[in-house]
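Accompanying notes for the structure given below.
Residue numbers (our numbering): 8 to 234.
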C-alpha cells in the first residue's frame with residue numbers, strides 16, 4: 008500500500024494504524040516522490056490526499072493511472088460534489104473526507120480486497136463485441152482485450168464491466184451496481200456509477216459519445232448489449 012499525504016502527522020499516524028492492521032505501507036510526502044516510488048513498490052492500493060504542494064492529487068492520479076491499475080482511495084478535506092466527481096473522473100475509485108474515521112477506512116479497504124478476490128475467483132471468458140474486432144472479457148485472467156491489444160482498466164472499471172456482462176440484455180439500476188461493485192452505498196449518491204460508466208466507455212466503446220455496448224436506459228440504469 009502507498010499513502011500519499013504531505014501532512015507529516017496524518018501520514019505517520021495513518022501509516023502506523025495501517026501497519027497495525029497488517030498492511031505493508033510506503034509513505035510519501037509529495038506526488039513527485041510517490042510517482043517515483045510506485046514502480047518499485049507495486050502497491051495493491053493507493054491512499055491519496057488531494058491538496059499537496061507541487062503536483063496536486065488530481066494530477067497525481069491522472070499520471071499514475073497509465074502505470075498502475077491498483078484502486079485509489081482519496082482522503083481529502085475537500086468535500087464538495089465537484090471535487091468528488093473530479094477525483095473520480097481523474098481515476099479514483101473511492102473518496103473519504105477528512106476528518107475521517109479509521110473504522111470506515113478499514114471497511115472500505117476490506118471491500119476493495121473482497122472485490123479483487125471475487126475477480127480473481129472468476130472462471131469465464133466471453134466475447135462482448137465483434138464489430139470493431141473481438142472485445143474479450145476474461146474474468147479468470149482479469150483482462151479485457153480488443154483483438155490482440157489489452158485494454159487498461161482499473162479494478163473498479165473491470166468489476167463494473169463484469170457485473171454488466173454477467174446479465175447481458177438486462178437493466179441494472181445504479182443502486183444495484185453500487186451494491187455489487189462497491190459493496191455499499193457511496194455517499195448516498197449514485198452519480199459515482201455514472202462517472203465510472205463514462206470512464207469505462209472511453210475504453211471499450213468505438214464511439215464513447217454514442218455508446219452501443221454499455222447503453223443507458225433512461226430513468227432505470229445501464230444495460231450491456233453484446234454485439
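Even for Gly, the Cβ is constructed at its ideal location relative to N, Cα and C.
Measuring only from the beta carbon, is residue 151 closer than 7 angstroms to any heavy atom that is part of the ligand FMN? This structure lacks the ligand FMN; in fact it carries no ligand of any kind.
Cβ neighbour criterion (16 or more within 10 Å) applied to residue 203: As a first step, residue 203 is located in the chain shown; it is residue number 196 there, counting from the start. Label assigned to residue 203: buried.
Taking the alpha helix (DSSP H) that residue 19 falls in, what are its first and last residues? Counting from 1 along the chain shown, the entry for residue 19 is found at position 12. 15-27 is the span of the alpha helix (DSSP H), which, as asked, contains residue 19.
Which value, in whole angstroms, describes the spacing of the CA atoms of residue 36 and residue 48? As a position in the chain shown, residue 36 is number 29, starting the count at 1. As a position in the chain shown, residue 48 is number 41, starting the count at 1. When rounded, the distance between both Cα atoms is 15 angstroms.
Using DSSP bridges, identify the partner residues of residue 83. For this step, residue 83 is matched to residue 76 along the chain shown. Answer by DSSP bridge pairing, in chain order: 104.
Measuring CB to CB, does residue 100 end up less than 8 angstroms from residue 163? Taking the chain shown and counting its residues from 1, the one referred to as residue 100 is at position 93. Taking the chain shown and counting its residues from 1, the one referred to as residue 163 is at position 156. Yes, these two residues count as a Cβ contact at 8 angstroms.
Does the region 182-190 touch the region 138-153, meaning 3 or more C-beta pairs lie closer than 8 angstroms? no
Return the residue from the list 107, 84, 117 that minimises the CA-CA distance to residue 28. Here residue 28 corresponds to residue number 21 of the chain shown, with the count starting at 1. The candidate whose alpha carbon is nearest that of residue 28 is 117.
Using 8 angstroms for Cβ pairs, my map puts residue 209 next to residue 215. What's the rounded Cβ distance? Looking up residue 209 in the chain shown gives position 202. Looking up residue 215 in the chain shown gives position 208. Rounded, the Cβ-Cβ distance is 5 angstroms, consistent with contact.
In chain order, what residues of the same chain have a beta carbon less than 8 angstroms from the beta carbon of residue 67, not counting five sequence neighbours either side? Numbered from 1 along the chain shown, position 60 holds the residue referred to as residue 67. The residues are 11, 38, 41, 42, 55, 59.
Straight-line gap, residue 104 to residue 84 (C-alpha atoms, nearest Å): Locating residue 104 in the chain shown gives position 97, counting from the first residue. Locating residue 84 in the chain shown gives position 77, counting from the first residue. Roughly 5 angstroms between the two C-alpha positions.
Cβ atoms of residue 53 and residue 79: under 8 angstroms apart, would you say? Working through the chain shown from its first residue, we reach residue 79 at position 72. Working through the chain shown from its first residue, we reach residue 53 at position 46. Result yes, Cβ atoms of residue 79 and residue 53 sit closer than 8 angstroms.
Just the C-alpha distance for residue 168 and residue 32, rounded to the nearest angstrom, thanks. Position 161 of the chain shown, counting from 1, holds the residue named residue 168. Position 25 of the chain shown, counting from 1, holds the residue named residue 32. For residue 168 and residue 32, the distance between alpha carbons rounds to 30 angstroms.
If you draw a straight line from the C-alpha of residue 174 to the C-alpha of residue 135, how long is it? Position 167 of the chain shown, counting from 1, holds the residue named residue 174. Position 128 of the chain shown, counting from 1, holds the residue named residue 135. Roughly 12 angstroms separates the two Cα atoms.
Length of the line joining the Cα atoms of residue 63 and residue 21: Mapped onto the chain shown, residue 63 falls at position 56. Mapped onto the chain shown, residue 21 falls at position 14. If I take the Cα positions, the gap works out to 20 angstroms.
At which residues does the alpha helix (DSSP H) containing residue 43 begin and terminate? Counted from its first residue, the chain shown places residue 43 at position 36. 38-48 is the extent of the alpha helix (DSSP H) around residue 43.
Who are residue 138's beta bridge partners in DSSP? Stepping through the chain shown from its first residue, residue 138 is reached at position 131. Looking at the DSSP assignment, residue 138 forms a beta bridge with 140.
Give the C-beta separation of residue 181 and residue 170 to the nearest angstrom, bearing in mind that I take them to be a contact with Cβ-Cβ under 8 angstroms. For the purposes of this step, residue 181 is taken as residue 174 along the chain shown, with counting starting at 1. For the purposes of this step, residue 170 is taken as residue 163 along the chain shown, with counting starting at 1. Wrong, their Cβ atoms sit about 12 angstroms apart, outside the cutoff.
Range covered by the beta strand (DSSP E) that runs through residue 152: Within the chain shown, the letter at position 145 stands for residue 152. 150-153 is the span of the beta strand (DSSP E), which, as asked, contains residue 152.
In terms of alpha-carbon separation, which member of 172, 147, 139, 159 lies closest to residue 71? Numbered from 1 along the chain shown, position 64 holds the residue referred to as residue 71. Ranking the options by Cα distance to residue 71, first place goes to 159.
Rounded to the nearest angstrom, what separates residue 88 and residue 199 at their Cα positions? Within the chain shown, the letter at position 81 stands for residue 88. Within the chain shown, the letter at position 192 stands for residue 199. About 10 angstroms.
To which residues of the same chain is residue 154 closer than 8 angstroms at the C-beta, ignoring the five residues directly before and after it? On the chain shown, residue 154 is found 147 positions in, with the first residue counted as 1. Within the same chain, residue 154 has close Cβ partners 140, 141.
Restricting to Cα atoms, I'd like to know which of 165, 137, 138 is closest to residue 148. Position 141 of the chain shown, counted from the first residue, corresponds to residue 148. Closest option to residue 148, Cα to Cα, is 165.
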